[in-house]
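Asks: Take this structure first; my questions come after.
Numbering (the UniProt record's numbering), first residue to last: 1 to 205.
So, in structure tokens, the structure goes:
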């Protein structure tokens with residue numbers, strides 16, 4: 001059995017129609033785990049984002065209707081969850097479990113859009129305690145991995161955050177899965193109307 005994992009910044013799930021369409025899309029793609037960012041759901045509303053095919057397994061919500069990360073799992077999946085954790089700011093949530101006798105950790109991450117070393121230090125501490133797990137990290141990291149390939153226009157303003165992200169990848173010894181399969185391709189996940197530029201800031205690691 002193959003695990004299909006998707007990382008997705010949904011930019012808000014407060015509308016019932018949008019929640020339904022998102023869940024239908026996950027099923028159409030046969031997604032096993034959905035690592036969601038920017039749910040914008042309060043803690044008392046997150047249960048609304050599930051149905052007969054997908055269940056919410058863990059989340060982190062913000063005090064306001066912003067940020068918010070969560071993890072959905074296909075209900076039929078034979079995945080045994082050992083524990084789940086999250087931060088208190090709507091930016092990090094993860095589950096630990098076993099699939100076919102393989103220990104796996106799934107993270108959903110929504111990084112700050114400015115230089116924030118404290119955030120990365122917190123995330124690294126969580127990850128370094130999981131040496132015996134296979135890591136899957138999906139997230140909107142709000143910066144680019146490679147400024148030449150992952151941005152339509154070269155920018156010097158985000159060099160610090162980009163370096164921090166690259167240092168993070170090296171420190172926990174993971175790779176940019178999409179870039180590994182598309183070495184020289186320029187493709188983007190975000191458009192900035194303010195800067196009129198495209199960038200790839202969403203990753204599976």
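By construction, the Cβ of each residue, glycine as well, lies at the ideal position given by its N, Cα and C atoms.
Mapping DSSP to helix, strand and coil, what is residue 24?
Replies: Start at 1 with the first residue of the chain shown, and residue 24 comes out as number 24. If DSSP states are grouped into helix, strand and coil, residue 24 belongs with the helices.
Asks: What's the C-alpha gap between residue 47 and residue 56?
Replies: For the purposes of this step, residue 47 is taken as residue 47 along the chain shown, with counting starting at 1. For the purposes of this step, residue 56 is taken as residue 56 along the chain shown, with counting starting at 1. Whole-angstrom Cα-Cα distance: 7 Å.
Asks: With distances taken Cα to Cα, identify the nearest neighbour of residue 16 among 34, 40 and 5.
Replies: Locating residue 16 in the chain shown gives position 16, where the first residue counts as 1. Ranking the options by Cα distance to residue 16, first place goes to 40.
Asks: Does DSSP put residue 198 in a helix, a strand or coil?
Replies: Numbered from its first residue, the chain shown carries residue 198 at position 198. Strand, per DSSP.
Asks: If we count the other Cβ atoms within 10 Å of its Cβ and call it buried at 16 or more, is residue 66 buried or exposed?
Replies: Against the chain shown, residue 66 aligns to sequence position 66. By the 10 Å Cβ count, residue 66 comes out exposed.
Asks: Please give me, in chain order, every unbroken run of the alpha helix (DSSP H) with length at least 4 that falls completely inside the stretch 136–191.
Replies: Qualifying alpha helix (DSSP H) stretches, in chain order: 159–172 and 177–181.
Asks: Classify residue 37: buried if its beta carbon has 16 or more other beta carbons within 10 angstroms, exposed otherwise.
Replies: By 1-based counting over the chain shown, the position of residue 37 is 37. So residue 37 ends up on the buried side.
Asks: On the premise that residue 60 lies in contact with residue 87, defined as a C-beta separation below 8 Å, what is that separation, rounded to the nearest angstrom?
Replies: For the purposes of this step, residue 87 is identified with residue 87 of the chain shown, where counting begins at 1. For the purposes of this step, residue 60 is identified with residue 60 of the chain shown, where counting begins at 1. Between residue 60 and residue 87 the Cβ distance is about 6 Å, and since that is below 8 Å, they are a contact.
Asks: In three-state terms, what does DSSP make of residue 230?
Replies: Nothing can be reported for residue 230, as the shown portion of the chain is limited to 1 through 205.
Asks: Considering only the beta carbon of each residue, do residue 94 and residue 72 sit closer than 8 Å?
Replies: Within the chain shown, numbered from 1, the residue matching residue 94 stands at position 94. Within the chain shown, numbered from 1, the residue matching residue 72 stands at position 72. Contact flag unset, no.
Asks: Is the beta carbon of residue 169 closer than 8 Å to that of residue 130?
Replies: What you label residue 130 is simply residue 130 of the chain shown in a count that begins at 1. What you label residue 169 is simply residue 169 of the chain shown in a count that begins at 1. No, these two residues do not count as a Cβ contact at 8 Å.
Asks: Can you tell me the Cα-Cα spacing of residue 159 and residue 69, whole angstroms?
Replies: Counting from 1 along the chain shown, the entry for residue 159 is found at position 159. Counting from 1 along the chain shown, the entry for residue 69 is found at position 69. Their Cα atoms are separated by approximately 26 Å.
Asks: Beta-carbon within less than 8 Å of residue 18's beta-carbon, same chain only, minus the 5 sequence neighbours each way: which residues are those?
Replies: On the chain shown, position 18 is the one that residue 18 refers to. Within the same chain, residue 18 has close Cβ partners 10 and 12.
Asks: Which residues bound the beta strand (DSSP E) around residue 49?
Replies: Within the chain shown, numbered from 1, the residue matching residue 49 stands at position 49. Unbroken run through residue 49: none, as it is neither H nor E.
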